[in-house]
Structures are given as C-alpha cells and as structure tokens.
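Participant: For the sequence shown, our numbering assigns the number 4 to the initial residue and increments by one for each residue that follows.
Backbone N, C-alpha and C fix where the C-beta goes; we use that ideal spot for every residue, glycine too.
Values in this document were obtained by computation on a predicted structure and should not be read as measured data.
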Amino acid sequence: MRKTIIFTDLDGTLLDAENYSYEAALPALKHLKLADIPVMFVTSKTRAEVEYWRRILGNHHPFVVENGGAAFVPQDYFPFQVDGIERDGYIVLEWGVRYDRLADVLEKAAGESYCAVRGFHDMTVYEIAEVCNMPAEMARLAKTREYDEPFQILNSSHARDLEAVIEREGLRCTHGGRFRHIIGPNDKAKAVSRLAEMFEQAHGRITSIGIGDAINDASFLRVVDIAIIMPSPHASVVLKLVPNATLAHFSGPRGWNDAVVSATAGSS
Ligand SMILES: [Mg+2]
Numbered sequence: 004m005r006k007t008i009i010f011t012d013l014d015g016t017l018l019d020a021e022n023y024s025y026e027a028a029l030p031a032l033k034h035l036k037l038a039d040i041p042v043m044f045v046t047s048k049t050r051a052e053v054e055y056w057r058r059i060l061g062n063h064h065p066f067v068v069e070n071g072g073a074a075f076v077p078q079d080y081f082p083f084q085v086d087g088i089e090r091d092g093y094i095v096l097e098w099g100v101r102y103d104r105l106a107d108v109l110e111k112a113a114g115e116s117y118c119a120v121r122g123f124h125d126m127t128v129y130e131i132a133e134v135c136n137m138p139a140e141m142a143r144l145a146k147t148r149e150y151d152e153p154f155q156i157l158n159s160s161h162a163r164d165l166e167a168v169i170e171r172e173g174l175r176c177t178h179g180g181r182f183r184h185i186i187g188p189n190d191k192a193k194a195v196s197r198l199a200e201m202f203e204q205a206h207g208r209i210t211s212i213g214i215g216d217a218i219n220d221a222s223f224l225r226v227v228d229i230a231i232i233m234p235s236p237h238a239s240v241v242l243k244l245v246p247n248a249t250l251a252h253f254s255g256p257r258g259w260n261d262a263v264v265s266a267t268a269g270s271s
C-alpha cells in the first residue's frame, strides 16, 4: 500500500483565517498521527512562527517557510543523507532570495510606480499584530523574515505598474490570504516537489494530499495527487488555477478536519 503524505497551508486552512484556532482539526490530526501519515506545513509564515505551531501541534515533520523560500528537514529524518545546509538540527534547502534585497526592490518599485505600499519591514511589531489580529509575541515571530516580504498596497490603481517593476528586477509577487508577497524564483511547489521526492526515495511510491486556500497555494496544489481547496473569497480563483481540486465543505480547521478524514480513510 502506498504511503500517504500531507502538505498543508496554515492560515485560512489548518488555522482559522481570523483567530488562528485549530481545535476543530484535532480529531483529524490525531487520526493522522495514529495512521503514521506525516503532515508538512507549507506556508508563507517564518521559520520562527512554524516552529511555534509545530510545538503547539506536536509536529516533528519537515516544513516549508515563506512561500517556498526554504524547506527545513529535521536532521536524520530520512534514512539517507539530504543535501543542504546544516543549521540548528535541520538540513535547510534554500530557494529564496535574501530578505534585504526583497525589501530594497519593493521600496524601489513603489517609488518608480507611484504605488504606495506598506511592507512588514516598515511596520512595527504592534502594527503587524493589529493587522494580523495576533498577539505581539506572535507578530514578533512573523517579523523575523528571511525570504519573503508581505506587503499591502495603499493605492491599487498602480498595482500593475508595481508588479512590472518587481518582475523587471527578476522577482515575483504572489497573494496570500491577507497580504501580497514579494519573493524570488521560489514557490511552494518547488519545495513540495522536492520533499515528495525524498518521501518516494524513502518509501517508494506515495500518495500526496495538498490543502490550501489562497493563490499562493495553487502552485503546490497542482503538483500533489489529491488537491483540496478551502472555501474562502479566493476559492473560485484558486479552483480555476487547480481545476482538478475539490472544495472542502467548511472553511478553516473544521473543513480541514472533515476533508482530511475523508481523503485519508483507509490509508496510511
Ligand atoms: Mg492561507
């Protein structure tokens, strides 16, 4: 029987989009643990934030941060050597562009396109806490960025011009549930494909399940065997990008719970 693995976005998917609650997903998470089905977080969050959620949810599996900027594989997780940078008990695989450059290009693009923006680098911890509806200590973790700058556009009439300057600089924009993001040539799909290859190397053929809610999830939902999209204001756009995906019946952790239980019934 093929091994099943799960790649999931966090905000608006496993975690409630507004209050970050996860309790409704606990039955499915428990079932996955018993069935030995690994759950990998694939998110635009930072490493510090993901480590927080891994601790809360008792998750010890590899994870992908900052829209595919890097994947972190716990040392000795796979029964073979993983090529990457050894750091703090992980092997790190990096695809992202360093954060300073992203922040510089965003400022330059805003100036040239007359498109006012507000990025995390010019927001205080308290401003981020307010915009993201999270406590200051979580906002502090969200601000420790390495490969992705979330930002808001303050006058959307110049948004296309802004994106054009960013693309001219060899970088890209993507959309999460709450923010636009400026990133390098990375995306969630590259990181997910690489991790899936490692699972295949370890276990033979696998069945991969992907779950997400926003446009920045579409790339990795296209490279998994079973794609699930969470209901949200973005769902119709994401469904167009991933036509073979199914739509979960409820949003957030409740929908995640039900969708995961039915997608993994009888598998391990
Ligand atoms: Mg999301």
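Is there at least one non-hydrogen atom of ligand 1 closer than 8 Å to the beta-carbon of Thr16?
Facilitator: yes
Participant: For Leu250, write down the residues that DSSP places opposite it in a beta bridge.
Facilitator: Ile232
Participant: Since Phe44 is in the beta strand (DSSP E), which residue starts that stretch and which ends it?
Facilitator: Val42 to Val45
Participant: Compare the C-alpha of Gly99 against each of Leu174, Tyr129 and Ala162 and name the closest.
Facilitator: Leu174
Participant: Around the C-beta of Thr127, are 16 or more other C-beta atoms found within 10 angstroms, so that it is buried, or is it exposed?
Facilitator: With fewer than 16 other Cβ atoms within 10 Å, it is exposed.
Participant: Which two residues bound the contiguous beta strand (DSSP E) that contains Gly213?
Facilitator: Ile209 to Gly215
Participant: Between Leu35, Ile88, Met43 and Gly15, which has its C-alpha nearest Ser265's C-alpha?
Facilitator: Taking Ser265 as reference, the option from Leu35, Ile88, Met43 and Gly15 with the minimal CA-CA separation is Leu35.
Participant: DSSP has Gly61 in a bridge; who is on the other side?
Facilitator: Under DSSP, Gly61 forms no beta bridge with any residue.
Participant: For Asp14, count neighbouring Cβ atoms within 10 angstroms of its own Cβ and tell me buried if that reaches 16, exposed if not.
Facilitator: buried
Participant: Quick one: what's Gln204 bridged to in DSSP?
Facilitator: Answer by DSSP bridge pairing: none, since Gln204 is not bridged.
Participant: Decide if His252 is buried, meaning its Cβ has at least 16 other Cβ atoms within 10 Å, or exposed.
Facilitator: exposed
Participant: Per DSSP, Glu6 forms a beta bridge with which residues?
Facilitator: As written in the sequence, residue 6 is Lys, which differs from the Glu given in the question. Answer by DSSP bridge pairing, in chain order: Ile209.
Participant: In the DSSP assignment, find the unbroken alpha helix (DSSP H) run with Glu89 in it and report its ends.
Facilitator: Under the DSSP assignment, Glu89 falls outside any alpha helix (DSSP H), being part of the beta strand (DSSP E) whose first and last residues are Ile88 to Arg90.
Participant: For Leu105, which option in Met141, Arg181, Asn158 and Asp125 has the closest C-alpha, if you only look at C-alpha atoms?
Facilitator: If we check each option's Cα against that of Leu105, Asp125 comes out closest.
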